[in-house]
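For the sequence shown, the positions run -17 to 971 when the working numbering is used.
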Amino acid sequence: MLMEALGLIHDLGKMSDRFLKSQEPHDSSKPKVEYEHNLLSDPCAIDTYTHYTDIANDPSAEFIKGILNTATQIPCAFSERADLTTLLKKIELTWNNEQYNFAELMPLLLNTGLAVNQTETWRNVIGKSMQPGLLVGYLHGIAHIEKEGEPDQHKQSYSSVFRATPFGVEEQVGTTSIQELTNALKNLPLDNIEQITTDQRSDWLMQMKALMSKGLADNRRPHNEISLWDWGYTVATFTKAAVVYVFKNDWLSDIKNLPFCTLRINLDILDRYTHSDKISDLLGIQQVLNDAFKGVQTLLEETYAFGNQFYRDETGAYYLLPNIFDDTEKTALREEIQALFPPDLRPQVHFSDPIKAGDLDTDKSRSRELVAQPRKKALEQKPVNADNNLYLFETEWKDGRPKNSEICTVCGMRPVGYPRQGSQPKIEKPLLKWATEQKAKDRKICRICLNRRDRRSEQWVKDIAQQSPQNTVWTDEVADDNGRLALFVGKLGLEGWLDGRLLSTIHVAGDTTKNPSPARLYRIAETARAFWEKVTSEVMPNAVGLSPFRLELHPQTNNLDELGDYHAYDLDIDGIVLSVVWDKPRQRFLTTDNLSYFAAQLPPNARDTWISTLAGRTFQILEPSSFLQSSRKKAEVTIREVKEIDSYQPAIPLLAEPSLCLMLVPANKALELATQVKKEYEQQMGRVRDRLPLNIGLVFCNRRTPIRTVLEAGRAMLNLSGQVDTNNSKGWEDWRLMKKDNSGSPCKLEFDNGITWHISVVAGDGSKKDDWYPRMYQGDRWEQKQPKHVCDLAVRNTQMPRDRGAKIWVRPSHFDFEFLDSTARRFEIYYDENGRRPRRTRPFYLQDLDRFDTLWTILQNLETSQRHQVIYAIEATREMWYGLDEKELEDEEKTPEKPKVFRRFVADTVANATWTRDTTEWWQSRKEWRRKLVEVGNASIDERVSEELDIAKQLIDAGVRGELADLAELHMEILKERKSDKETNNGNV
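Structure below.
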């Protein structure tokens, strides 16, 4: 593990403002800043180098002579922090009976050629093999980012240095008086490096990550996307695995033959979530899985120190290990890993085929064998169901217990009430005291699932006193004032990125493009993860806001002994149920409902005063209804005191992995959340949006809809894009570029489908052109496509037939929604291989969210009854004219008259509606409006119109497509936005 730390810090010499100065573009008017970042320790202060044997023409001796000369002639990295050499000298390790310290190894860590040069005779020169340093030096080259292009191209001036993401968004580095990098180097906890060998390893690594992420592995654009953390952690991961191999098999005569493999621990996490009827069951499973995967990480990274986790997502965890295991050892390790998981959540464990270090070095495309290919296999493999054979629970089915006893309704594996009290001491030991057999039987579940469920409730109660704002684990609190909530499903299309194929679309210079490397692929995955983490921690809270308060109800303490610790109950208040949790240690009930929704169920005269009337009254405590069991009275309580508790965030994050994000939010905030996530996506991934799609699905439901139904619907929405294959055109659409404005930044692209993109074409400083990221595939056919800069894309001739001429090949982003008015509705969410649903309009392009917002703003100028009448007239006529087959409507060339007549009908219907006077100027003048209506009504859906007619055309086009009906369903039926803002205005046109 000390060797892991050595790999992590091997290139820290770049964590310096002087390094940035030394990398400035050549300026003959200024002296060049000298700096040697390779020397993090001073060789002149290390006996190993000052007492070497100078052998003529020996490469090792020449190397030492060179670094001693450099250390005395030019400023070096060790001078950037005064205690560096001293600190590194203190860290010692033993390697094959040879003693080393970090300081003497540091000069070798960046020289990739030393280890493979068999003429080196280190023992003759300094009396040691120096193998630890030579090994890291070689692996530095394996994990290395290929610095394509000329060495002096695109260097950044010290006063204006930017770090980038893998998708081209830049952030300025604090230089000059701030000296961000030098200060970060001085603050690194290098005096605690040896913590990496203790149980404080994770904390130490997090401290290192926070500071090393500021540094740049290369300051040249577009190579400035790799941070020193990405770079160092990748080398550390290879080093850790390589050391294990060397210690088991000795030093290789040819180090290129070092074999690695990927250990994948796979579990369909989302599938396991769908086995939950209640959100508390889901969160319990989530906690158990997090603990188990953490246990695996401790086992592999610390206990055995075989290797590091290199990637994790909703499919499981992936570790880079040395290929040292025979079949017996693989089986033993597999069983030990699986034993960390409960039987109903047990993962599959597989070892990938080995790959040699030399192959990774010579062919960077083989980096996809480390994560991308194992992940693809994980997605293709069939899930393994938990084994519920009766012999596993033999002791539970004896002693007269019938074999047809009920099975737990949560895990579907163990018997209800399992394990029986006192029957399985080993299994019962981790169960909390209140997870009793009788309590489990009452809820038709096993004691293990009961423990998971109520453990999450207990943690929530504890968090109330510690967090601000508070969180929630209750769907009743997430529900909006109408008693509805939504599952947000977000998916980034990382196909082609995780395997490095789409890196070839990022231009470097001339015909040179980026190549994949382990460090780059790691950076891509972690950037995608950071995107969803920001959505969860910043974007979602801003969109959702806070609910004002909870209630804390203190009862008189008689007759409450039978109430379960942290168990959920219903409080019957005047015939309306208020959900509460019993916090037994503090002798209080905590409300778990949206109090505004609850108040709306009360009689109108009690809605404003009900809280103040609770104290002194007596209410029934009900056991909530459950599977095949109605609610029943548990006790009666008299409320002694009522208090308000601080606000809370009404949302429940469920998953945030590189490609996938799930969270539960109030229904009335879901559309705003989708819009804000879209904006964040455009800011972070806008330059590559044509090949990195974002799909967003919203599943709306009532607050008591079973969570498994909601998750199954959300899982179906993951197929929004249909089937994707980066080797052919499957999953790509051919768009036509009709108009382009590249007079400034952003560049404006208008396509024939009505979508307009604004793509930034300048780097972070706002002045230098971004020649690297904003590129799109263009060509007559998929086979002829070439990535072109957006400013150089060819605009189509409007007279050219649609099936001819250059096309832009795009992986579009999509948006979809569904309301689960019944549990069976989830089966209507399915997509064909092209990502289309049987519903004619679904899914929409993600960019349509802005258009829909504009259309809804216009429709709000109609009273509610008018909206219904307009939409009903259009949809009834559509069904009468076309029935279920609308191909005629879509094909104007085949049946030219009928679609035009229908379009005119839609225009007339919209025109004859009773619009309020302060509607957009388009409707201000009846005379002018008639002229515009004729012009727009005669235009086809795909035909372009003048800018002043664009809003009118959008409204009519939406009516022709059937999108007005979708808008009405979303806003009026699901979100219940019944009243128009204009209904108080009595003036009508």
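C-beta: ideal position from N, C-alpha, C; glycine also.
Grab me the residues of residue i's own chain with a C-beta within less than 8 Å of its C-beta, minus the 5 sequence neighbours each way, in chain order.
i, result
"Ala597", "Ile621, Arg622, Glu623, Val624"
"Asn106", "Thr35, Ile37, Asp40, Ser42"
"Gly289", "Thr219, Lys222, Ala223, Val226, Leu245, Leu282, Glu283, Tyr301, Leu302, Leu303, Pro304"
"Ser347", "Gly482, Asn497, Pro498"
Quick one: what does DSSP say residue i is sitting in, helix, strand or coil?
i, result
"Arg786", "coil"
"Leu952", "helix"
"Glu388", "coil"
"Glu800", "strand"
"Pro397", "strand"
"Met(-3)", "coil"
"Met758", "strand"
"Leu186", "Just to set this straight, residue 186 is Trp in the shown sequence, not Leu. Of the three classes helix, strand and coil, the one that applies to Trp186 here is helix, per DSSP."
"Gln363", "coil"
"Leu604", "strand"
"Tyr663", "helix"
"Asp295", "strand"
"Ile49", "helix"
"Lys191", "helix"
For residue i, which residues does DSSP report across the bridge?
i, result
"His(-8)", "For His(-8), which the question treats as bridged, DSSP gives no partner whatsoever."
"Lys722", "Leu731"
"Arg246", "Tyr300, His332"
"Asn677", "Lys473"
"Lys751", "Val744"
"Ser529", "Tyr630"
"Met88", "Answer by DSSP bridge pairing: none, since Met88 is not bridged."
"Thr738", "Glu732"
"Ser10", "In the DSSP output, where bridge partners are listed per residue, Ser10 has none listed."
"Phe571", "Leu535, Trp564"
"His771", "Arg757"
"Thr457", "Thr457 pairs with nothing; no bridge assigned."
"Lys444", "For Lys444, which the question treats as bridged, DSSP gives no partner whatsoever."
"Gln154", "Phe144"
"Cys58", "Glu18"
Could you work out which residue in the options is closest to residue i when comparing CA atoms only?
i, options, result
"Leu75", "Arg466, Glu317, Met(-17)", "Met(-17)"
"Gly214", "Ala895, Thr164, Leu91", "Leu91"
"Cys729", "Val772, Glu959, Thr297, Lys473", "Val772"
"Phe580", "Pro640, Leu642, Asp462", "Asp462"
"Phe229", "Gln781, Tyr286, Ile634", "Tyr286"
"Glu440", "Pro451, Glu80, Thr457, Leu414", "Leu414"
"Cys643", "Ala656, Ala64, Gln403", "Ala656"
"Arg885", "Arg860, His332, Gln5", "Arg860"
"Tyr293", "Ile247, Lys767, Lys191", "Ile247"
"Phe1", "Val155, Gly399, Pro148", "Val155"
"Leu22", "Ala53, Lys12, Gln842", "Ala53"
"Arg532", "Ala507, Ser629, Trp479, Lys516", "Ser629"
For residue i, which residues from the same chain have a beta carbon less than 7 Å from its beta carbon, with the 5 sequence-adjacent residues on both sides left out?
i, result
"Asn174", "Trp186"
"Leu937", "Leu837, Ile840, Val892"
"Ser258", "Leu264, Ile267, Val392, Ile689, Arg690"
Whose C-beta lies closer than 6 Å to the C-beta of residue i among residues of the same chain, with five residues either side of it excluded?
i, result
"Gln658", "Val521, Ala525"
"Ala582", "none"
"Lys909", "The predicted position of Lys909 is uncertain, since its pLDDT is 49 and thus under 50; a value taken from the coordinates is nonetheless stated next. Within the same chain, Lys909 has no close Cβ partners at all."
"Val692", "Leu469, Val681, Cys683"
"Pro13", "none"
"Trp717", "Phe733, Ile790, Val792"
Taking only beta-carbon atoms, is residue i less than 9 Å away from chain C?
i, result
"Lys364", "Looking at the structure shown, chain C is missing, and only one protein chain is on hand."
Tell me, to the nearest whole angstrom, how far the beta carbon of residue i is from that of residue j; I am working on the premise that it is less than 8 Å.
i, j, result
"Gly150", "Val792", "Not really, about 17 Å apart at Cβ, beyond 8 Å."
"Ala550", "Pro606", "6 Å"
"Val118", "Leu(-12)", "6 Å"
"Pro336", "Val460", "Incorrect: roughly 48 Å between the Cβ atoms, too far for contact."
"Glu296", "Leu252", "6 Å"
"Leu802", "Ala695", "6 Å"
"Glu715", "Pro783", "With a Cβ gap of about 18 Å, Glu715 and Pro783 do not count as contacting."
"Pro324", "Ile237", "With a Cβ gap of about 42 Å, Pro324 and Ile237 do not count as contacting."
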